[in-house]
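Below: the structure, in structure tokens.
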Amino acid sequence: MILESKEIKKKVEGFLDLVKERNSLEPEFLQAVEEVAETVIPYIVQNDIYHGKNILLRMVEPERAITFRVNWVDDSGEIQVNRGYRIQMNSAIGPYKGGLRFHPSVNMSILKFLAFEQVFKNSLTTLPMGGGKGGSDFDPKGKSDNEIMRFCHAFMSELFRHIGPNTDVPAGDIGVGGREIGFLFGMYKKLKNEFTGVLTGKGVTWGGSLIRPEATGYGTVYFAQKMLQTKGDEINGKTVTISGAGNVAQYAAEKIIQLGGKVITLSDSSGYIFDSDGICSDKLAFVMDLKNNKRGRISSYVKTYPNAQYFANKTPWEQPCDIALPCATQNELQLSDANRLLDNGCICVSEGANMPSTNEAIFAFQKAKILFAPGKASNAGGVATSGLEMTQNSLRYNWTRDEVDEKLKEIMGNIHDKCIAFGKDEKSGYIDYVKGANIAGFVKVADAMLAQGIV
Ligand code: NDP
Ligand code: 2IT
Numbered sequence: 057m058i059l060e061s062k063e064i065k066k067k068v069e070g071f072l073d074l075v076k077e078r079n080s081l082e083p084e085f086l087q088a089v090e091e092v093a094e095t096v097i098p099y100i101v102q103n104d105i106y107h108g109k110n111i112l113l114r115m116v117e118p119e120r121a122i123t124f125r126v127n128w129v130d131d132s133g134e135i136q137v138n139r140g141y142r143i144q145m146n147s148a149i150g151p152y153k154g155g156l157r158f159h160p161s162v163n164m165s166i167l168k169f170l171a172f173e174q175v176f177k178n179s180l181t182t183l184p185m186g187g188g189k190g191g192s193d194f195d196p197k198g199k200s201d202n203e204i205m206r207f208c209h210a211f212m213s214e215l216f217r218h219i220g221p222n223t224d225v226p227a228g229d230i231g232v233g234g235r236e237i238g239f240l241f242g243m244y245k246k247l248k249n250e251f252t253g254v255l256t257g258k259g260v261t262w263g264g265s266l267i268r269p270e271a272t273g274y275g276t277v278y279f280a281q282k283m284l285q286t287k288g289d290e291i292n293g294k295t296v297t298i299s300g301a302g303n304v305a306q307y308a309a310e311k312i313i314q315l316g317g318k319v320i321t322l323s324d325s326s327g328y329i330f331d332s333d334g335i336c337s338d339k340l341a342f343v344m345d346l347k348n349n350k351r352g353r354i355s356s357y358v359k360t361y362p363n364a365q366y367f368a369n370k371t372p373w374e375q376p377c378d379i380a381l382p383c384a385t386q387n388e389l390q391l392s393d394a395n396r397l398l399d400n401g402c403i404c405v406s407e408g409a410n411m412p413s414t415n416e417a418i419f420a421f422q423k424a425k426i427l428f429a430p431g432k433a434s435n436a437g438g439v440a441t442s443g444l445e446m447t448q449n450s451l452r453y454n455w456t457r458d459e460v461d462e463k464l465k466e467i468m469g470n471i472h473d474k475c476i477a478f479g480k481d482e483k484s485g486y487i488d489y490v491k492g493a494n495i496a497g498f499v500k501v502a503d504a505m506l507a508q509g510i511v
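Quick note: the sequence shown uses our numbering, first residue 57, plus one each step.
See the structure below:
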């Protein structure tokens, strides 16, 4: 069926009005749905097999959303009460899969946006994983290791009944790294009396995969490399701004340095550091120790490296760069930041975080026709390597570092190819990676949903 663009626009608006009505208090979720609907609905109406089946309407409704109480006792003996969540969004192509986020901002809107994006992202990886996300409004900052352990144990003492290696396989996200996955896994194993691949991001001596810690950051850079190659360009010699200083930012920086780029910024929620000499591997090792072992703030960087500057309450996007890698959190790059990056000559943005750019910022990048990759494509390396961890767990076998890295590169290349297949305008040659990722991600899940009937 061929519809005029006016009719298609009306269909998109009608769909979004309905989703808004049902989820009016969930701005982040609505933002994520809007970005997908604008590219996927036009595709649906032009492809008869998907038309009239309400597939997208089914996809915006979680198959199951669980909330639960988490009681725990802090070091001073006080009883604390937090909220736990798991959104089981879509299981058409495999068990629910996606991270757990521990951050005070966590709520239904944020977890539903993350779970919705995860469905498309996991589909893009080519691996058999459905989409889910969970977490808690627990704030890990300033907590002792014992408090973290007690919280993780309390959280898993409820979550365990909803997950399993063939049902739902959580992993890390903001505030959940190797330490937390260890505590969560320990309690799951105790309660179920079984050693399975129920979580990913495990330590390598107890079922984890080599390269999983590096995978999201490395993958984001591999994707940027692929985008630059379409213009005959490369990372070597480029100046790069990175936001965040956590897992994704650290390994994005490591890969940029390895490929001959110059990283000039890192940040946290208090501000950013600017090092015009470049953050070399020695300086990055200092940051990794500061963040991962000492759990300090990025502002300490300038005490050790006084040539660098610290800007409180600001983001890195005001610094001129060739490539920007937002690797901190949602909506950290707004329209004014996008305009600043464009004015300063930025040619490539590869999202390491989930939905770091607002829809207005994305539109500005697309209008300027620079290389822009949405997180669901460019940060998929993390969950893809989680998928490889699940495979190794099932095989009861471990691949080498090089083997996993090769598979990660191959997967990022495949995702890039799919973005071209569904997002390239043959006339102008412009690749709309947002459109490509959304449609390619949709098609695999939609085909499975159609095959499985109305369930
Ligand atoms: P970490 O907890 O390791 O690091 C998060 C970083 O982001 C910290 O530097 C943190 O600073 C900063 N940050 C968090 N919230 C805010 C905020 N509101 N404003 C500014 N900065 C903020 O998390 P990850 O590195 O794992 O995750 C970063 C992003 O990447 C997230 O969007 C996550 O969803 C996404 N992602 C992660 C994957 C993974 O495998 N870990 C996979 C794919 C995507 P502070 O210490 O001040 O809070
Ligand atoms: O957003 C993400 O893709 C993640 N936080 C990783 C999820 C996973 O299951 O590895």
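For each residue, glycine too, the CB sits at the ideal point set by N, CA and C.
In this structure, ligand 2 has no non-hydrogen atom nearer than 7 Å to the beta-carbon of LYS76. Distance between ALA305 and ASP488, taken at the CA atoms: about 25 Å. In the three-state reduction of the DSSP assignment, ALA417 falls in the helix class, which pools H, G and I. With a minimum length of 4 residues, the unbroken runs of alpha helix (DSSP H) contained wholly in the region 213-280 fall at 234-248. The beta carbon of GLY334 is closer than 7 Å to those of LYS318, VAL319 and ILE320 in its chain, skipping five residues each way along the sequence.
With fewer than three CB-CB distances shorter than 8 Å, the region 145-162 does not count as touching the region 100-109. For ligand 1, a non-hydrogen atom lies closer than 7 Å to the CB of GLU388. Put simply, the backbone Cα of PHE124 is about 16 Å away from that of PRO118. Between the region 238-246 and the region 426-441 there are fewer than three inter-stretch CB-CB distances shorter than 8 Å, so the stretches are not counted as touching. If you look at MET164, you'll find it in the alpha helix (DSSP H) that goes 164-180. With 16 or more other CB atoms across the displayed protein chains lying within 10 angstroms of its CB, ILE329 is buried.
In this structure, the alpha-carbon of ARG114 lies about 14 Å from that of ASN79. By the Cβ criterion, the region 446-454 is not in contact with the region 280-289, since fewer than three pairs of Cβ atoms, one from each stretch, lie closer than 8 Å.
Secondary structure at LEU72: helix, using DSSP grouped into helix, strand and coil.
Inter-residue distance for GLY70 and PHE251 is about 48 Å (C-alpha atoms, whole angstroms). For ALA301, the three-state secondary structure derived from DSSP is coil. For THR256, the distance from the CB to the nearest heavy atom of ligand 2 is below 7 Å.
Cβ neighbours of GLY492 within its own chain (closer than 8 Å, five residues either side excluded): ALA433, LYS474, CYS475, ILE476, ALA477, PHE478, GLY479 and LYS480. Residue range 111-115 is occupied by the alpha helix (DSSP H) that includes MET115. Taking all protein chains in view, the Cβ of GLN144 is crowded by 16 or more other Cβ atoms within 10 Å, so the residue is classified as buried. Residues GLU270, GLY273 and TYR274 of the same chain have their beta carbon placed closer than 6 Å to that of TYR307, with the five preceding and five following residues left out of the count. Secondary structure at ARG351: coil, using DSSP grouped into helix, strand and coil. Of all alpha-carbon atoms in ILE135, ALA88, TYR486 and GLY257, the one lying nearest the alpha-carbon of LEU112 is that of ALA88.
Linking LYS370 to LEU506 through their CA atoms gives a straight-line distance of about 47 Å. For SER450, the enclosing alpha helix (DSSP H) stretches over residues 437-451.
With a 10 Å radius around the Cβ and a threshold of 16 neighbouring Cβ atoms, VAL232 comes out buried. Between LYS282 and HIS472, the C-beta gap is smaller than 8 Å, which places the two residues in contact. About 15 Å separates the Cβ atoms of ALA301 and SER337, ruling out a contact at the 8 Å cut-off. Taking the Cβ of ALA496 as the reference point, every heavy atom of ligand 2 lies at 7 Å or farther away. No Cβ-Cβ contact shorter than 8 Å links VAL439 with LEU266. Counted as a single uninterrupted DSSP element, the stretch harbouring LEU397 is not any beta strand (DSSP E) but the alpha helix (DSSP H) occupying residues 391-399. When beta bridges are read from the DSSP output, THR456 appears opposite no residue. Ranked by how close their Cα comes to the Cα of ASN387, the residues LYS66, ILE64, PRO83 and LYS62 have PRO83 in first place. For ILE166, the closest of VAL490, THR223, GLY198 and ILE230 by C-alpha to C-alpha distance is ILE230. Straight across, the Cα-Cα distance linking LYS423 with GLY238 is about 45 Å. For SER484, no alpha helix (DSSP H) encloses it, and the DSSP letter there is neither H nor E.
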